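Here is the structure we will look at, set down as C-alpha cells.
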Amino acid sequence: MASAEIDVKYVAHLARIALTPGEEKKLGEQLGHILGYIEKLRELDVANVEPTAHAVPMVNITRADQTQPSLSHQAALRNAPKKAGGLFIVPPIVE
Amino acid sequence: MLHQLTISELTAKLVRREVSAREATQACLDQIARVDGKIHAFLSHDAADALAQAEAADQLLAQGGCAGRPLLGVPVAVKDVLAVKNQPLNCGSKILGNFISPYDATAVEKLKAAGAIVFGRLNMDEFAMGSSTENSAFGVTRNPWDADRIPGGSSGGSAAAVAADECIASLGTDTGGSIRQPAALCGCVGLKPTYGRISRYGLVAFASSLDQIGPFTKDVRDAATLLGVMSGHDDRDSTSVPQPVPDYAGSLTGDIRGLKLGLPKEYMIGGLDAEVKAAVDAAVEKFTQLGAEIVEISLPHTDYAVATYYIIATAEASANLARFDGIRYCARVEGDNPIELYARTRGAGFGAEVKRRIILGTYVLSSGYYDAYYLRAQKVRTLIRNDFLKAFATVDAIVTPTSPTAAFKIGEKSDDPLQMYLSDIFTISCNLAGICGVSLPCGFTRGPKLPVGLQLLGQPFGEATMLRLAHAYEQSTSWHKEKAPL
Numbered sequence: 029m030a031s032a033e034i035d036v037k038y039v040a041h042l043a044r045i046a047l048t049p050g051e052e053k054k055l056g057e058q059l060g061h062i063l064g065y066i067e068k069l070r071e072l073d074v075a076n077v078e079p080t081a082h083a084v085p086m087v088n089i090t091r092a093d094q095t096q097p098s099l100s101h102q103a104a105l106r107n108a109p110k111k112a113g114g115l116f117i118v119p120p121i122v123e
Numbered sequence: 074m075l076h077q078l079t080i081s082e083l084t085a086k087l088v089r090r091e092v093s094a095r096e097a098t099q100a101c102l103d104q105i106a107r108v109d110g111k112i113h114a115f116l117s118h119d120a121a122d123a124l125a126q127a128e129a130a131d132q133l134l135a136q137g138g139c140a141g142r143p144l145l146g147v148p149v150a151v152k153d154v155l156a157v158k159n160q161p162l163n164c165g166s167k168i169l170g171n172f173i174s175p176y177d178a179t180a181v182e183k184l185k186a187a188g189a190i191v192f193g194r195l196n197m198d199e200f201a202m203g204s205s206t207e208n209s210a211f212g213v214t215r216n217p218w219d220a221d222r223i224p225g226g227s228s229g230g231s232a233a234a235v236a237a238d239e240c241i242a243s244l245g246t247d248t249g250g251s252i253r254q255p256a257a258l259c260g261c262v263g264l265k266p267t268y269g270r271i272s273r274y275g276l277v278a279f280a281s282s283l284d285q286i287g288p289f290t291k292d293v294r295d296a297a298t299l300l301g302v303m304s305g306h307d308d309r310d311s312t313s314v315p316q317p318v319p320d321y322a323g324s325l326t327g328d329i330r331g332l333k334l335g336l337p338k339e340y341m342i343g344g345l346d347a348e349v350k351a352a353v354d355a356a357v358e359k360f361t362q363l364g365a366e367i368v369e370i371s372l373p374h375t376d377y378a379v380a381t382y383y384i385i386a387t388a389e390a391s392a393n394l395a396r397f398d399g400i401r402y403c404a405r406v407e408g409d410n411p412i413e414l415y416a417r418t419r420g421a422g423f424g425a426e427v428k429r430r431i432i433l434g435t436y437v438l439s440s441g442y443y444d445a446y447y448l449r450a451q452k453v454r455t456l457i458r459n460d461f462l463k464a465f466a467t468v469d470a471i472v473t474p475t476s477p478t479a480a481f482k483i484g485e486k487s488d489d490p491l492q493m494y495l496s497d498i499f500t501i502s503c504n505l506a507g508i509c510g511v512s513l514p515c516g517f518t519r520g521p522k523l524p525v526g527l528q529l530l531g532q533p534f535g536e537a538t539m540l541r542l543a544h545a546y547e548q549s550t551s552w553h554k555e556k557a558p559l
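Below, the structure is given as C-alpha cells:
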C-alpha cells in the first residue's frame, strides 16, 4: 500500500493549530502510516452503497418555537478568558 | 465496607435506615484517600459538596422520600467530559483552563433527580481520544489490578474508580469502546447504550454520530438501573430518540432459554490472546448450559471497521473541537489577530493525540480528499451496519471478547498510535452500527492476574434482552465478586 503524503503544515493551518517543526515532522510520519492503513478501504466496491451519516436516521426534528430560560449574561461570560463591559474581548478583526 | 456495595445492596440498606447516605459517601471518600494516590482515577473531588448532598439525601430518606428516587443516597462519580453545574470541566485537557460548568448535562440532571450524590471528576484520555488514559494532560490512571498497567480508555478513571470501590458507580462515554474496553480491563460492568437512547446534552462532543453516555457498575443489575434512570428523549438533544423506556432492571429474569446468541467467526483473529480466548470460549459454553442457543454468524466487514472509524471519528472531531478557540472559554494564548490567537491557543492547549486526530480529520474532509476518504468511509459504514442488521435477523445478541488482550503495560503502545487504534477492534463496529453493547467480567489471566471482559452486542434498542443475557451469565459465575488487591 502506497503511503499517502500529507502536507502537515498546510492542514495544521486549516485546523488552526500552531505546531513546532518537531511536531510537524513527527505528525507527518505518523499520519502517513495511519493513512497507509486506511487505504485498505479501497479494496471494497462501494459504487452502489448509500452513505450512513447517523446510525439511527431521524430527520426534521423540530420543537415548538417558544422562549425558554437560558444562561444569564453573567453565567455565559463566567469562563471568558478576557471580558469587559459585559462582552468578550478579542483582537482586532477589521483593520 | 459500604464503598464496596452495589447500588441495589446500598439502596436496600439506606431504605431500611441501617446506614446513612453520609456514611456511604464518607466510606467512598475514605477509600479515595486510601487508594487514589496510587490509582489516580480522580482529577478532583469536592468532599464537602458530596457530604452536603448526602445529608440532603438523608433528610429525604428520613421523610420516606425514596419513591421515584431509585438512586437516593448513592454516590456516583462522573467522567471529566460531562457537565456538572458549578464543577470543573476539563476533558482531561489543558486547553479548558479553569472552566466551570454553567449547567448540568441531562444525564447528570436525571441522576440528581433520582437522588444520586453526583461527585468527582474522573480522569480520561484527552477529549476521550485514546484507549489507555495515557493521553490525559493530568497524568495516567493506573489499573487497580496491577499499578504498572493501563486501566483502558478513554474512560479509564471511571472504570478504575468503580473497580477500586472509590464510588458505587460512575459514568463514562463510549465513541469506539471507551466504556466497554476499560470496563473489561478493570473487571467491572460497562454499558454502551444504543445511539439515541440517552441524551447527550452537556456531553462535550467528540464524534457526534458515535458518542454515547453509559454507566460503569459492579454488576449487571446496577447497569440496568442506571440505564433506566438516564434514558429517554430530551428536547435539548435532537438525536435522542422518542421511544418508551422499558423496565430494564425488571427484564433480568435469569431465564435465557431459547435465546439465540451469535458468535462471529471474524472475531477469532490472530492477535487474540490465548487466555482471553479461553475465557470467552468458557463463557460461550456457560451460555449453552443456561439454555441459550449458539449460532455461528459472519460479520464480513469487521476487518474494515478500524479504518472506517478513524476517518469518521476524526472528521467529526475536527469540526466539534473547532469550538476550543480561546474566545468564549479556554486558556487563551494571545495573538495579534484572531487566526494567530486560535492557532497559538490550540497549539499550546491540545496534546499530541488530539492534534493528530484533528489534523487527520481536517485532511480527510479537505477539498480533493472528501470523496476518497470521508464519503467512502460513510459507505463502508453502511456495509458494517448491514452486517449487523443481517445478523440480528437470526440472533438476539452477539457474543465476543471485549478486548483482544488483558490490560497492557503503561508505555507499551503509547509511541505507536496505529497499534493503539487496533486494540479497539472488537468494540468499534458497535458504534459505527449504532447498536448497544455491554462488557462484563468473564475470568482472569493467570500470570499476572488480570480481568478479562466478555462483550455482548444487542440489537438497536435491544438493551433489555442483552442485559438479560448478561445478568444470567453473571449470576452463574463469581467473577464480578472478585476485588482488586489494593
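These protein sequence lines map, in sequence, to chains A and B.
Residue numbering for the first sequence follows our numbering, starting at 29 and increasing by one per position.
Residue numbering for the second sequence follows our numbering, starting at 74 and increasing by one per position.
Where is the CB? At the ideal position from N, CA and C, for every residue including glycine.
Small disclaimer: the values here were computed from a predicted structure and weren't measured.
Where the beta strand (DSSP E) containing B/Thr246 begins and where it ends: From DSSP, the beta strand (DSSP E) with B/Thr246 extends over 242-247.
Opening and closing residue of the beta strand (DSSP E) in which B/Gln528 lies: Element bounds for B/Gln528: 524-531.
State yes or no: is the C-beta of B/Asp238 within less than 8 Å of the C-beta of B/Gln104? Yes, they are a contact pair.
Identify the contact partners of A/Gln58 in chain B, using a Cβ-Cβ distance below 7 Å as the criterion. Chain-order list of chain B residues neighbouring A/Gln58: Arg429, Pro490, by C-beta distance under 7 Å.
Helix, strand or coil for B/Ala150? Go by DSSP, reduced to three states. In this structure, B/Ala150 counts as strand in the three-state DSSP scheme.
Neighbour list for B/Asp119 in chain A, Cβ cutoff strictly below 9 Å: Below the 9 Å Cβ cutoff, chain A contributes no neighbours of B/Asp119, its closest Cβ being approximately 18 Å away.
Whose Cβ in chain A lies nearer than 9 Å to the Cβ of B/Arg458? In chain order: Thr80, Ala83.
Nearest residue (CA-CA) to A/Ala92, options B/Asp308, B/Glu547, B/Asp295: The residue with the shortest Cα to Cα distance from A/Ala92 is B/Asp308.
Helix, strand or coil for A/Gly114 per DSSP? A/Gly114 falls in the coil class under three-state DSSP.
8 Å contact criterion, which B/Cys515 and B/Ala352 should meet: CB distance rounded: Rounded, the Cβ-Cβ distance is 5 Å, consistent with contact.
Beta-bridge partners of B/Asn216, as assigned by DSSP: Beta-bridge annotation (DSSP): B/Asn216 is paired with B/Asp219.
Please check if any C-beta of chain A sits within less than 8 Å of the C-beta of B/Asn393. The beta carbon of B/Asn393 does not come within 8 Å of any beta carbon belonging to chain A, so the residue lies off that interface.
Here's a check: name, in chain order, each residue in its chain whose Cβ is nearer than 6 Å to the Cβ of B/Arg405, leaving out the five neighbours to either side. Answer for B/Arg405: Gly399, Thr418, listed in chain order.
Where does B/Asp444 fall in DSSP's three states? B/Asp444 falls in the helix class under three-state DSSP.
Roughly how many angstroms separate the alpha carbons of A/Met29 and B/Pro315, rounded to a whole number? Because the pLDDT at A/Met29 is just 36, under 50, the model does not fix this residue reliably, and the value given afterwards should be weighed accordingly. Straight-line Cα distance between these residues: approximately 45 Å.
Output needed for B/Asp284: all residues of its chain with C-beta closer than 7 Å, excluding positions within five of it in sequence on either side, in chain order. Correct list, in chain order: Thr246, Thr248, Arg273, Leu276, Ala278.
If you measure from the beta carbon of A/Ala112 to each beta carbon in chain B, is any gap under 8 Å? For A/Ala112, the answer is no, since every Cβ of chain B falls outside 8 Å of its Cβ.
Would you say A/His101 reaches chain B, if we count a Cβ-Cβ gap shorter than 8 Å as a contact? Not closer than 8 Å to any Cβ of chain B, the Cβ of A/His101 fails to qualify, so no.
Ranges of the beta strand (DSSP E) found wholly within the stretch 329-378 of chain B, counting only runs of at least 3: Within the stretch 329-378 of chain B, complete beta strand (DSSP E) segments of at least 3 residues are found at 333-337, 366-370, given in chain order.
Give the list of continuous beta strand (DSSP E) stretches no shorter than 3 residues that lie fully inside the stretch 432-498 of chain B. Counting whole runs of 3 or more residues, the stretch 432-498 of chain B contains the beta strand (DSSP E) stretches 470-474.
Let me check understanding here. Comparing Cα to Cα, which of B/Ile431, B/Val437, B/Ser243 lies closest to B/Thr381? Selected option, being the one with the closest Cα: B/Val437.
Answer yes if the stretch 517-525 of chain B comes into contact with the stretch 483-498 of chain B, meaning at least three C-beta pairs across the two stretches below 8 Å, and no otherwise. The stretch 483-498 of chain B makes no contact with the stretch 517-525 of chain B; the number of CB pairs closer than 8 Å stays below 3.
Using 8 Å as the threshold, is the C-beta distance between B/Asn393 and B/Ser281 below it? B/Asn393 places its beta carbon less than 8 Å from that of B/Ser281.
For B/Ser324, which of B/His76, B/Glu536, B/Met74, B/Pro558 has the nearest alpha-carbon? It is B/Glu536.
Where DSSP assigns a beta bridge to B/Leu264, which residues make up the other side? DSSP, once it has assigned bridges, lists B/Val511 as partnering B/Leu264.
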